[in-house]
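Quick note: the sequence shown, position 133, residue 133 per UniProt numbering, numbers continuous.
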Amino acid sequence: MNTIMLANNPSVVVAGIFLAFILLELACSSLRHPLSGKRDVLIEVIGSGILVAITFPSVMWLSGKILSLAVPEMKGALATIPWVAGFVLFLVLDDMTQYWWHRLTHRVPALYALHRAHHSAPYMSVRIVYRNNSFYYMLMPGIWLSGILIYLGLAHIYYVYLILKMIVIFAAHSSVAWDDKLYGIRVLRPIVWVLERTISTPSTHSAHHGLTAEDGVTHYKGNFGNLLFFWDILFGTAKITRRRPPLYGIEHLSPISWKEELFWPIVRSRRVAPKAHKAKQKVAQ
Numbered sequence: 001m002n003t004i005m006l007a008n009n010p011s012v013v014v015a016g017i018f019l020a021f022i023l024l025e026l027a028c029s030s031l032r033h034p035l036s037g038k039r040d041v042l043i044e045v046i047g048s049g050i051l052v053a054i055t056f057p058s059v060m061w062l063s064g065k066i067l068s069l070a071v072p073e074m075k076g077a078l079a080t081i082p083w084v085a086g087f088v089l090f091l092v093l094d095d096m097t098q099y100w101w102h103r104l105t106h107r108v109p110a111l112y113a114l115h116r117a118h119h120s121a122p123y124m125s126v127r128i129v130y131r132n133n134s135f136y137y138m139l140m141p142g143i144w145l146s147g148i149l150i151y152l153g154l155a156h157i158y159y160v161y162l163i164l165k166m167i168v169i170f171a172a173h174s175s176v177a178w179d180d181k182l183y184g185i186r187v188l189r190p191i192v193w194v195l196e197r198t199i200s201t202p203s204t205h206s207a208h209h210g211l212t213a214e215d216g217v218t219h220y221k222g223n224f225g226n227l228l229f230f231w232d233i234l235f236g237t238a239k240i241t242r243r244r245p246p247l248y249g250i251e252h253l254s255p256i257s258w259k260e261e262l263f264w265p266i267v268r269s270r271r272v273a274p275k276a277h278k279a280k281q282k283v284a285q
């Protein structure tokens with residue numbers, strides 16, 4: 001595959017990065033989790049497949065089609081702006097809006113139903129990166145805004161931006177605590193201090209996935225950043241402990257079917273009383 005084809009197909013590079021993290025977790029014996037079952041595999045495979053094969057390409061196509069009909073003269077209008085300026089536009093219109101969308105889904109019950117699947121996993125892993133309701137990404141403003149910026153001529157910048165963003169997101173969700181190694185290197189302390197306040201890391205993002213705030217680490221009402229953790233610093237939702245929660249999941253979880261997690265509100269099931277999370281009966285290693 002030549003470099004031009006790679007440059008115009010970031011999904012190929014992103015898939016390669018995703019595979020690298022899977023192999024890393026396999027090498028560390030952390031891809032399979034004792035609390036993971038068939039239900040989790042179905043949510044992760046189907047949810048990820050819908051995003052990659054249907055939602056993302058549909059949003060990109062629809063945003064371009066709508067704009068080509070509404071403002072055909074604007075196609076490529078930003079193609080000549082400085083590269084850095086275009087990159088900042090993606091940081092603001094995609095990553096910052098995703099921060100606010102993520103934060104909003106934790107405040108509005110109906111929207112949290114679209115995000116619940118991402119947090120119902122009782123483990124951290126690259127497997128859960130795209131583990132969301134099938135409508136979660138379709139409603140995410142950042143994807144549509146990215147489609148607009150691409151129509152305006154910034155596709156070449158988006159490809160680099162997307163690859164960088166997915167490296168950070170995969171790394172932040174990974175069960176491999178790579179940032180722990182950095183904390184112990186004295187000469188890197190100033191750099192690491194800046195790094196963990198700039199991008200999401202396994203430490204800061206795992207705190208967002210913790211089961212209960214009683215553990216002193218979990219911060220599921222904050223640490224919403226995806227690429228940039230800086231948004232949490234800027235908007236006052238950051239918590240940095242350099243530790244990880246002993247348990248992951250959703251506190252007082254009311255069980256529902258995997259189909260409802262993926263396809264609510266189209267699929268609904270009869271509610272049953274919440275039960276204690278099964279992970280509470282196990283001690284994190």
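For every residue, glycine included, the Cβ atom is placed at its ideal position computed from N, Cα and C. This one's a predicted model, so the numbers in the text were calculated from it and none came from an experiment.
Excluding sequence positions up to five before and after V217, its CB lies within less than 7 Å of the CB of A207, G210, T241, R243, R244 and P245, all in the same chain and listed in chain order. According to the DSSP secondary-structure assignment, I199 is paired through a beta bridge with L228. Cβ-Cβ separation between E261 and V126: approximately 19 Å, too far for a contact (criterion under 8 Å). A residue is called buried when at least 16 other Cβ atoms come within 10 angstroms of its Cβ; I185 does not meet this threshold and is exposed.
Per DSSP, K75 lies in no alpha helix (DSSP H) and is assigned neither H nor E.
Distance from the Cα of F224 is smallest, within the candidate group L67, A15, D95 and I157, for D95.
Per the coordinates, the alpha-carbon of M138 lies some 8 Å from the alpha-carbon of F56. Counting every other CB atom within 10 Å of its CB across the protein chains shown gives P82 a total below 16, marking it as exposed. In the three-state DSSP reduction, Y130 falls in the coil class, being neither helix nor strand. Within the UniProt domain "Fatty acid hydroxylase" (87-237), complete beta strand (DSSP E) segments of at least 3 residues are not found at all.
Cβ contact annotation for S30 (same chain, cutoff 6 Å, sequence separation greater than five): S175, in chain order. The Cβ atoms of Y112 and D232 lie no closer than 9 Å to each other. Only residues of its own chain outside the window of five on either side were considered, and among them Y123 have a CB closer than 6 Å to the CB of H33, listed in chain order. N132 and H115 do touch by the CB rule: their CB atoms are close to 6 Å apart, below 8 Å. For P57, the uninterrupted alpha helix (DSSP H) run begins and ends at F56 to A70, by DSSP. Spatial neighbours of S203 in its own chain (CB-CB distance under 6 Å, excluding positions within 5 residues in sequence) are listed in chain order as D179 and R242.
In terms of Cβ geometry, M60 and I143 form a close pair [threshold 9 Å]. Nearest in C-alpha terms to L164, of all of L195, L227, T212 and L145, is L227.
With 16 or more neighbouring CB atoms inside 10 Å of its own CB, S63 falls in the buried class. If you ignore the 5 residues before and after K75, its C-beta comes within less than 8 Å of the C-beta of L67, S68, Y151, L152 and G153, all in its own chain and listed in chain order.
Closest in alpha carbon position to I43, among H118, I54, T80 and P72, is H118.
Apart from the 5 residues on each side of it in sequence, K259 sits with its Cβ closer than 6 Å to the Cβ of V267 in its chain, given in chain order. Residue burial annotation: E196 is buried, with at least 16 other C-beta atoms found within 10 angstroms of its C-beta. Within the same chain, W83, G86, F87 and F90 come within 7 Å of I157 by CB-CB distance, once the 5 residues on both sides are set aside.
In the DSSP annotation of this structure, the continuous segment of the alpha helix (DSSP H) that includes R39 starts and ends at K38 to I50. Apart from the 5 residues on each side of it in sequence, A70 has no Cβ closer than 7 Å to any other Cβ in its chain. Contact between A238 and T201 is ruled out by a C-beta separation of about 12 Å, above the 8 Å threshold.
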